[in-house]
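Take a look at the structure below.
Shown next, in the form of structure tokens:
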């Protein structure tokens with residue numbers, strides 16, 4: 183993190199990062215996936231110091247490639263010992279890492295329906311069948 187001005191009451195912060203194999207640069211110069219991983223790393227670092235009861239991540243995995251989706255899922259699993267996560271995603275690999283899925287479906291126009299699945303319970307029932 184770098185301060186953007188001299189006056190501490192009126193300064194901003196620039197996020198600097200060094201993705202693997204690259205030079206240190208401003209977050210604005212990174213790719214979408216690099217920005218997402220940098221932002222998540224910063225949020226998780228803050229949560230390590232001062233955990234909140236929950237964290238909402240809204241499609242943070244959208245710009246990530248498959249390898250980084252796996253890394254993100256591992257980071258979320260590790261952090262979920264301290265913090266509860268609400269994760270909005272359309273990525274199947276991210277959903278597979280969850281304990282519980284909730285979705286919204288619309289069978290008829292204007293009528294939304296909430297669907298929830300406990301993945302551990304579903305796996306147990308599938309194994310019993």
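In our numbering, the protein residues as written are 183 to 311.
Ideal Cβ placement from N, Cα and C applies to all residues, glycine included.
Fair warning: this is a prediction, and the values are worked out from it, not measured in the lab.
Asked, Found
"Distance CB(residue 201)-CB(residue 218) smaller than 7 Å", "no"
"Residue 188 versus residue 194 - alpha carbon distance", "10 Å"
"Residue 295 - containing beta strand (DSSP E), residue span", "293-300"
"Cross-strand partners of residue 198 (DSSP beta bridge)", "208"
"Cβ neighbours of residue 206 in the same chain (closer than 8 Å, five flanking residues each side left out)", "198, 199, 200"
"Length of the line joining the Cα atoms of residue 263 and residue 286", "27 Å"
"Residue 307 - DSSP class collapsed to helix/strand/coil", "helix"
"Those residues which DSSP pairs with residue 190 across a bridge", "Answer is none; residue 190 lacks a bridge partner."
"In DSSP terms, what residue 165 is bridged to", "The question about residue 165 has no answer, for the chain in this structure spans 183 to 311."
"Opening and closing residue of the beta strand (DSSP E) in which residue 290 lies", "282-290"
"Bounding residues of the beta strand (DSSP E) (the contiguous stretch that carries residue 268)", "266-270"
"Complete beta strand (DSSP E) runs within the region 223-251 (minimum length 3 residues, chain order)", "236-240"
"Distance, residue 253 Cα to residue 225 Cα", "15 Å"
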